[in-house]
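Trainee:
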Amino acid sequence: MTDRKIRILIADDHPLMIEGIRAVIESQPDMEVVAEAADGLEALTLYRTHLPDVALIDLQMPRMNGIDAIHLIRNEFPTARIGILTTYRGDVRASHAIKAGAQAYLLKTALRTELTEAVRVLAVGKRYFPTAIAADLADHLGKEHLTRRELEILGLIAGGLSNKEIADHLGLAEDTIKGHVRSLMDKLSARNRTHAVAIAVERGFVTP
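Residues in the sequence shown are numbered from 1 upward in steps of one, following this note's numbering.
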């Protein structure tokens, strides 16, 4: 063991968020921020330059989102230790981040209490998923996924289209659309169309 500090890269397009994360990290004697990126492409470039011990990457950023950035970094640097930063608790986003190579999933609302622990866990080669996130993943793991057609229809519902307008748009019978809507409402346990869209946004099926 050495006294070398854990070197951290932060990627987030909100300066205040970076400032807050840096303040938490710099309050720890065993950590230091070595690079800050405002988008996914910059995160990739800075990772190559600094080779940090841990990268904390926002889920939604301009030019390249966090999931794509993680995928590219892990492809180039298979041993990279990366945590995703997000406002959302959606299981779809979590699974996408994990598939891309993230080993930690941090809600921005809980950074003050979980950030330093997550960094230390990542730095020693382990994974960090808060209890709530792990529970969400487990809860949805065995549930039936929405079909491609249901996801398409859900996106159109989110766009404000009626069943008839969706039917016309997709060239299908309105009764067929109604059947798909009933199915996706049941899978999402939604009370109505508005509730279905809200659940879809929270779980990451639909981007707000």
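We put the CB at the ideal spot given by N, CA and C, even for glycine.
1. What did DSSP end up calling residue 86 once you bin it into helix, strand or coil?
2. Below 7 Å CB to CB, which residues in the same chain sit around residue 180 once its five sequence neighbours on both sides are set aside?
3. List the residues that DSSP assigns as beta-bridge partners of residue 19.
4. Should residue 105 and residue 73 be called a contact, given that it needs their Cβ atoms to be closer than 8 Å?
5. Kindly identify the DSSP beta-bridge partner or partners of residue 58.
6. Report, in whole angstroms, the separation of the C-beta atoms of residue 28 and residue 116, which I expect to be a contact under 8 Å.
7. Identify, in the order they occur along the chain, each residue of the same chain with its Cβ nearer than 6 Å to the Cβ of residue 141, setting aside the five sequence neighbours on each side.
8. Buried or exposed: where does residue 195 fall if 16 or more other Cβ atoms within 10 Å of its Cβ makes it buried?
9. Compute the distance between the beta-carbons of residue 107 and residue 50, then report whether it is under 8 Å.
10. Quick check on the burial criterion: 16 or more other C-beta atoms within 10 angstroms. Buried or exposed for residue 59?
Mentor: Quick look at the numbers:
1. Per DSSP, reduced to three states, the secondary structure at residue 86 is strand.
2. Same-chain partners within the cutoff: 149, 150, 153.
3. According to DSSP, residue 19 shares a beta bridge with no other residue.
4. In this structure, residue 73 does not lie closer than 8 Å to residue 105 by Cβ.
5. Partner(s): 85.
6. Going by Cβ atoms, the distance from residue 28 to residue 116 rounds to 5 Å, so yes, they are a contact pair.
7. Residue confidence for residue 141 is low, a pLDDT of 48 falling below 50, so the modelled location carries little weight and cannot support an answer.
8. Burial state of residue 195 is exposed, judged by a 10 Å Cβ sphere holding fewer than 16 other Cβ atoms.
9. Taking 8 Å as the Cβ cut-off, residue 107 and residue 50 do not qualify as a contacting pair.
10. Per the 10 Å Cβ criterion, buried.
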